[in-house]
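Residue numbers (full-length UniProt numbering): 1 to 206.
All residues carry an ideal CB built from backbone N, CA and C; glycine is no exception.
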Amino acid sequence: YSSNSIRVTSISVGPSDFVKIRLLGKGDVGKVYLVKKKNSDRLFALKVLSKQEMIKRKKIKRALAEQEILASSNHPFIITLYHSFQSDDYLYLCMEYCLGGEFFRVLQSRPGKCLPEKHALFYAAEVVCALEYLHLNGFIYRDLKPENILLHESGHIMLTDFDLSKQSVRASLPGIAKGGSSVSGHMHHQPPVIDTKTCTKNLRTN
């Protein structure tokens, strides 16, 4: 259910290799676009960060922290970073695209803007697995909210937005995989059935 894959670091890639489709979101130092790689049908989420704005707002360390965490992580519930590159004016993070969009929008589309208890427990368990993985690898995630949880087309969640994260002492506990893409136990449970296309049908792009 995860599209995490073996990372290839020798591929040369840049902004010209992608075609912008639409705006997915924006922040104070950059924007995220849905893009398609040229000569391919593969879709990605491309985060474009302005170097000028990062310097102006003193957010260079945040961007580099996010890049480091994504580049060193390999977990089914953490967004996958496929490429990172830069131009004179921008830093680019090419990440996995999650069709379901923000979990916040999923909640807003549900009756009463809430989930059945069994579904809430399922997603909470996946979030805990992602946080545990980060903590074991020495990272503290400090921006947990529905807007920073994405819903993969498989129905599982993906944690994203790591610019507020901090590095700590890396833990070491026996019996817990820190480099693989599986977490003991969750493989036997199917995600709740949520129509990800319906959730994003009326998604505003600006």
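Residue environment, Gly-30, which counts as buried when at least 16 other CB atoms sit within 10 Å: Classification of Gly-30: buried, given that the 10 Å Cβ count is 16 or more.
Identity of the residues DSSP links to Phe-85 by a beta bridge: Tyr-92
Simplified DSSP state of Ile-60, which is helix, strand or coil: helix
Collapsed DSSP secondary structure at Tyr-33 in the structure displayed: Looking at Tyr-33 - three-state DSSP - the assignment turns out to be strand.
With 16 other Cβ atoms within 10 Å as the buried cut-off, status of Asp-161: Asp-161 comes out buried.
First through last residue of the alpha helix (DSSP H) which encompasses Val-127: Here the alpha helix (DSSP H) through Val-127 covers 117-136.
Between the CA atoms of Tyr-133 and Tyr-97 - distance to the nearest angstrom: 21 Å
Inter-residue spacing [alpha-carbon to alpha-carbon] between Ala-63 and Tyr-33: 17 Å
Contact between the region 17-29 and the region 49-60 (3+ Cβ pairs under 8 Å): Flag = yes, the region 17-29 and the region 49-60 touch.
Assigned exposure category for Leu-23 - 16 Cβ within 10 Å defines buried: exposed
Contact under 8 Å by Cβ, Lys-47 with Tyr-92: yes
Whole-number beta carbon distance between Phe-77 and Leu-159, since they are thought to touch under 8 Å: 6 Å
Bridge partner(s) assigned by DSSP for residue 215: Summary: the structure shown does not reach residue 215, with the chain confined to residues 1 through 206, and so no result is reported for it.
Lys-145, DSSP secondary structure in three states: coil
Bridge partner(s) assigned by DSSP for Gln-67: The partner list for Gln-67 (beta bridge, DSSP) is empty, contrary to what the question assumes.
Coil, strand or helix - Lys-166 by DSSP: DSSP places Lys-166 in strand when its eight states are reduced to three.
Beta-carbon gap between Ser-139 and Met-95 smaller than 8 Å: First, the residue type needs correcting, since residue 139 is Phe and not Ser in the sequence shown. No; because the gap between Cβ atoms is not below 8 Å, this pair is not in contact.
With 16 other Cβ atoms within 10 Å as the buried cut-off, status of Leu-81: buried
Bounding residues of the beta strand (DSSP E) (the contiguous stretch that carries Val-13): Taken as a continuous stretch (DSSP letters only), Val-13 belongs to no beta strand (DSSP E), as it is neither H nor E.
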